[in-house]
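Numbering (our numbering), first residue to last: 627 to 885. Heads up, the beta-carbon is just placed ideally off N, CA and C, and yes, glycines get one too. Note sheet for the following structure.
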């Protein structure tokens with residue numbers, strides 16, 4: 627595939643900021659991140675801040691908003707939390723602030739933030755996001771295909787809030803027996819492709835559900851973008867489907883926010 631036929635890539639899974647365990651050469655600021663995107667041919671990135679995930683959500687989200695301001699290639703994705711502890715505003719206000727800042731997606735980090743994901747813990751947050759149709763990225767810090775997944779929460783979230791786009795980050799083809807059943811039953815469930823690198827995995831899912839159930843992502847800068855890019859580029863998709871997974875689906879989800 628030559629350079630002229632490569633898709634326009636909109637990366638759904640990017641972190642900005644200092645990392646506790648930083649891979650050599652990994653970008654930490656906007657300038658370095660853009661340079662890395664240029665090196666790999668990535669046009670846009672949906673970015674959450676490491677401070678919001680690993681330190682303080684409110685501070686990190688504010689820092690993210692400031693750092694990506696005026697940078698047309700980076701779109702903000704706020705890290706969200708239940709408000710019981712008072713460290714973040716009540717859920718409806720939290721979503722109002724997210725949208726007012728210009729962000730058009732949210733990221734939930736249950737492992738980093740030690741959430742039980744019981745309905746009584748997260749139902750207000752899910753409801754507030756669903757009311758405004760803000761895409762919710764589920765970041766489970768998946769490093770290996772054999773790690774457990776909160777399948778009960780995922781199916782509860784999708785079925786209880788059918789207007790809420792739910793995006794699973796770093797889901798692997800090893801879980802297809804469970805994932806396929808969920809994809810059939812939960813039409814608002816979307817899978818990000820960075821870890822979906824089994825033989826014909828992307829092609830099989832697009833053939834079965836269409837390009838609007840997958841979004842391209844890399845997990846940058848923790849993970850190298852090369853494999854996800856190659857996996858998508860050579861997935862054998864039609865130009866229309868390739869463009870959808872590469873960025874069209876993510877743009878559609880973000881544009882669906884009720885501002």
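**Request:** Helix, strand or coil for residue 802, going by three-state DSSP, please let me know.
**Result:** In the structure shown, residue 802 sits in a helix (DSSP, three-state: H, G or I).
**Asked** Buried or exposed: which applies to residue 650, given that a residue is buried once 16 or more other Cβ atoms fall within 10 Å of its Cβ?
**Response** Around the C-beta of residue 650, fewer than 16 other C-beta atoms lie within 10 Å, and the residue is accordingly described as exposed.
**Asked** Three or more C-beta pairs closer than 8 angstroms, one from the segment 792-801 and one from the segment 749-768: is that the case here?
**Response** As far as the Cβ criterion goes, the segment 792-801 touches the segment 749-768, which means the pair count is three or higher.
**Request:** Could you spell out where the alpha helix (DSSP H) holding residue 693 opens and where it closes?
**Result:** Taken as a continuous stretch (DSSP letters only), the alpha helix (DSSP H) holding residue 693 covers 683-693.
**Item:** Simplified DSSP assignment, three categories, for residue 630
**Value:** Residue placement at residue 630 is flagged as unreliable, the pLDDT there being 46, under the threshold of 50; a coordinate-derived value is accordingly withheld.
**Closest residue to residue 965 among 691, 693, 692, 751 (Cα-Cα distance)** = The shown model of the chain, from 627 to 885, leaves out residue 965, and the question about it has no answer.
**Item:** Proximity below 7 angstroms, CB of residue 846 to CB of residue 730
**Value:** Result no, Cβ atoms of residue 846 and residue 730 do not sit closer than 7 angstroms.
**Inter-residue spacing [alpha-carbon to alpha-carbon] between residue 628 and residue 680** = Any reading at residue 628 needs caution, since the residue's pLDDT is 46, under 50, leaving its predicted position unreliable; the model's value is listed next. The alpha-carbon atoms of residue 628 and residue 680 are separated by roughly 40 angstroms.
**Request:** Taking only the alpha-carbon atoms, compute the straight-line gap between residue 885 and residue 758 and give it to the nearest angstrom.
**Result:** The straight-line gap from Cα to Cα measures roughly 7 angstroms.
**Bounding residues of the beta strand (DSSP E) (the contiguous stretch that carries residue 817)** = Taken as a continuous stretch (DSSP letters only), the beta strand (DSSP E) holding residue 817 covers 815-818.
**Prompt:** With a CB to CB cut of under 7 angstroms and the five nearest residues on each side skipped, what residues in its chain are close to residue 677?
**Reply:** These residues qualify, in order along the chain: 643, 685, 686, 689.
**Request:** Report the three-state DSSP secondary structure of residue 671 (helix, strand or coil).
**Result:** Reduced to three states, the DSSP call for residue 671 is strand.
**6 angstroms Cβ shell around residue 733 - same chain, five flanking residues per side excluded** = Contacts found: 674, 703, 705, 763, 765.
**Message:** Quick check on the DSSP output: the beta strand (DSSP E) that includes residue 733 runs from which residue to which?
**Reply:** Counted as a single uninterrupted DSSP element, the beta strand (DSSP E) harbouring residue 733 occupies residues 732-734.
**Request:** Give the DSSP bridge partners of residue 637, in chain order.
**Result:** DSSP lists 671 as partners of residue 637.
**Request:** Compare the C-alpha of residue 767 against each of 633, 640, 635 and name the closest.
**Result:** Of the residues 633, 640, 635, the one whose Cα lies closest to the Cα of residue 767 is 640.
**Message:** In the DSSP assignment, the alpha helix (DSSP H) including residue 756 goes from what residue to what residue?
**Reply:** Where residue 756 is concerned, the enclosing alpha helix (DSSP H) stretches over 745-757.
**Asked** CA-CA distance, residue 886 and residue 749?
**Response** Absent from the model: residue 886. The displayed extent of the chain is 627 to 885, so no value can be given.
**Asked** Around the C-beta of residue 821, are 16 or more other C-beta atoms found within 10 angstroms, so that it is buried, or is it exposed?
**Response** Of the other Cβ atoms in all chains shown, 16 or more fall within 10 Å of the Cβ of residue 821; this residue is therefore buried.
**Message:** Bridge partners for residue 763 per DSSP, in chain order?
**Reply:** The secondary-structure analysis by DSSP pairs residue 763 across a beta bridge with 733, 793.
**Asked** So who's on the other strand from residue 704, going by DSSP bridges?
**Response** 732, per the DSSP bridge assignment.
**Request:** Count the CB pairs spanning the segment 827-839 and the segment 870-880 that are closer than 8 angstroms, and state whether there are at least three.
**Result:** Taking 8 angstroms as the limit for Cβ pairs, the verdict is that the segment 870-880 does touch the segment 827-839.
**Asked** Rounded to a whole number of angstroms, what is the C-alpha to C-alpha distance between residue 634 and residue 823?
**Response** C-alpha separation (whole angstroms): 19 angstroms.
**Request:** Can you tell me which of the three DSSP states residue 841 falls into?
**Result:** Strand at residue 841.
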